[in-house]
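Chains as they are written, first to last, in our numbering: chain G, 1 to 200; chain Y, 1001 to 1234.
Each residue gets a CB set at the ideal place from its N, CA and C atoms; glycine is no exception.
Shown next, in structure tokens, is the structure this report addresses.
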């Protein structure tokens, strides 16, 4: 249990996917203008991450590993994710129209989100068990959502600020991201301190 | 509306192409994928703690980009339009795996330093973007030149960012100690990466006299057609 909490919190806070691993920067910079769209994108990414992990883990464990095909993981994982996002979009559209109206907008944007592929490859490389992988994916998704939400707040302040013309747009957004990332650095070591310290 | 005029303008540029050299040089300056189009931000920020890493990543991505552009340009009549994106992704992922294996065999040190970001070249939007907007519409030779130019532009941007971060953050350049008494370690950390890239893009905007206002990675994303009307809702 302690290991799981450690994985969850380090994926969420200390090793935040956006702010310290730089994965999923495109949606982070592109879709973080408003808090509700940040929340929508974050939720959709979290769900896709967990479900993608559910789909890729058995394939990795029972197909790639026994047949010594680990080097094919990139091709296999991206295919599964692309296929799966497509199916998920169709299923949600058909079965849960209200959910589709809320989150469906973000689904096509997720296929090429490097955070989703990143989390599956990272968990495979770390040789996590099934439960650990799911926990890692959940932590990564929650961390992504948190970063998006916090950043949308920061951004609503910088958007109307009077700054030099050259800094308008992307540069000011990146520098704001730098400040948020600096704030997250304050968490470094905190997850290990709380959950990992006892075992030594 | 802005996007449409942008896409139209790009199409016009392709139609009046002024020789092959243009295909190569546009990626370096005018349409630099990282500093002007703001694509491929993840590797730009992640691996540029050292200038040498930037070059390694740039060359790996260029290799994938040139090969995938060449193959996609040859197969453009064979690939059905409705499933073109998955097809492109599989081709790209194949070349990424190839690059990964080559790098593991010949440059194990660089392979370890690039780590997870090497397989993530698959989802680098520069490569999918060039496949969608250029290679699938042009002949073999222009596609290869386009790939070389965009790759060189990407490498140059990574090298620039990497140099700035390494000099300021570690007081060395390409591993050579510059004898700076107290380097600012924050530039090697993630926060410094965002800051350095922001300042570099601002400098590019200032020099080129244009502003990157209202422009985000989405506008040149290969999936723009499939979610153009949706993006306006967001």
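- Message: Between which two residues does the alpha helix (DSSP H) holding residue 1117 of chain Y run?
- Response: Residue 1117 of chain Y -> no alpha helix (DSSP H), and no H or E assigned at all.
- Message: Restricting to runs no shorter than 4 residues, where is the alpha helix (DSSP H) found entirely within the segment 1172 to 1214 of chain Y?
- Response: The qualifying runs are 1190 to 1208.
- Does the ligand HEM have even one heavy atom less than 8 Å from the beta-carbon of residue 1167 of chain Y? Among the ligands in the structure shown, none appear at all, so the ligand HEM cannot be discussed.
- Task: Kindly list the residues whose CB is nearer than 6 Å to the CB of residue 1204 of chain Y, restricted to its own chain and excluding five residues on each side of it in sequence; keep chain order.
- Result: Excluding sequence neighbours, residue 1204 of chain Y sits near 1035.
- Item | Cβ contact check for the segment 1161 to 1180 of chain Y and the segment 1036 to 1049 of chain Y: 3 or more pairs under 8 Å | Taking 8 Å as the limit for Cβ pairs, the verdict is that the segment 1036 to 1049 of chain Y does touch the segment 1161 to 1180 of chain Y.
- Return the chain-ordered list of same chain residues with a C-beta closer than 7 Å to the C-beta of residue 1143 of chain Y, the five sequence neighbours on each side being excluded. 1069, 1070, 1073, 1134 and 1135, listed in sequence order.
- Item | Complete alpha helix (DSSP H) runs within the segment 108 to 142 of chain G (minimum length 4 residues, chain order) | Those alpha helix (DSSP H) runs which fall completely within the segment 108 to 142 of chain G and span 4+ residues are 114 to 125.
- Message: Could you compute how far the alpha carbon of residue 163 of chain G sits from the alpha carbon of residue 1201 of chain Y?
- Response: Distance between the alpha carbons of residue 163 of chain G and residue 1201 of chain Y is about 15 Å.
- Report yes if the C-beta distance between residue 70 of chain G and residue 146 of chain G is below 9 Å; otherwise report no. No Cβ-Cβ contact shorter than 9 Å links residue 70 of chain G with residue 146 of chain G.
- Would a check of beta-carbon distances place residue 1282 of chain Y closer than 9 Å to chain G? Lying before the first or after the last residue shown, residue 1282 of chain Y is absent from chain Y, which here runs from 1001 to 1234.
- Alpha carbon of residue 41 of chain G to alpha carbon of residue 1177 of chain Y, nearest angstrom: Taking the straight line joining both Cα atoms gives about 44 Å.
- Task: Report buried or exposed for residue 1108 of chain Y, applying the criterion of at least 16 other Cβ atoms within 10 angstroms of its Cβ.
- Result: The residue in question, residue 1108 of chain Y, is exposed, as its Cβ has fewer than 16 Cβ neighbours within 10 Å.
- Query: Are three or more beta carbon pairs between the segment 28 to 39 of chain G and the segment 130 to 138 of chain G nearer than 8 Å?
  - Reply: Too few Cβ pairs lie closer than 8 Å, so no.
- Query: Taking just the CA atoms, how far does residue 1122 of chain Y sit from residue 3 of chain G?
  - Reply: Rounded to whole angstroms, residue 3 of chain G to residue 1122 of chain Y spans 31 Å at the Cα level.
- Query: Nearest-angstrom Cα distance between residue 78 of chain G and residue 1181 of chain Y?
  - Reply: Between residue 78 of chain G and residue 1181 of chain Y, the C-alpha separation is close to 46 Å.
- residue 13 of chain G to residue 187 of chain G span [Cα, whole Å]: Those two C-alpha atoms are separated by around 7 Å.
- Message: At the 9 Å Cβ level, is residue 1124 of chain Y part of the contact set with chain G, yes or no?
- Response: So yes, residue 1124 of chain Y belongs to the interface.
- Proximity below 9 Å, CB of residue 1190 of chain Y to CB of residue 10 of chain G: No, they are not a contact pair.
- Span of the alpha helix (DSSP H) around residue 1068 of chain Y: First-last of the alpha helix (DSSP H) with residue 1068 of chain Y: 1051 to 1074.
- Message: Using only CA atoms, which one of G:143, G:128 and G:172 lies nearest to residue 157 of chain G?
- Response: Across the set G:143, G:128 and G:172, the C-alpha of G:172 shows the shortest separation from the C-alpha of residue 157 of chain G.
- Message: Within 9 Å of any Cβ in chain Y, is that where the Cβ of residue 92 of chain G sits?
- Response: Taking 9 Å as the threshold, the shortest C-beta distance from residue 92 of chain G to chain Y does not fall below it.
- Message: Please state whether the Cβ-Cβ distance between residue 1154 of chain Y and residue 1126 of chain Y is less than 9 Å.
- Response: The beta carbons of residue 1154 of chain Y and residue 1126 of chain Y sit closer together than 9 Å.
- Query: Where do the ends of the alpha helix (DSSP H) carrying residue 57 of chain G lie?
  - Reply: For residue 57 of chain G, the enclosing alpha helix (DSSP H) covers residues 35 to 59.
- Message: Buried or exposed, going by whether 16 or more other CB atoms sit within 10 Å of the CB of residue 121 of chain G?
- Response: Its Cβ being crowded by 16 or more others within 10 Å, residue 121 of chain G is buried.
- Message: With distance defined between alpha-carbon atoms, name the residue in Y:1097, Y:1140, Y:1184 and Y:1159 nearest to residue 1119 of chain Y.
- Response: If we check each option's Cα against that of residue 1119 of chain Y, Y:1097 comes out closest.
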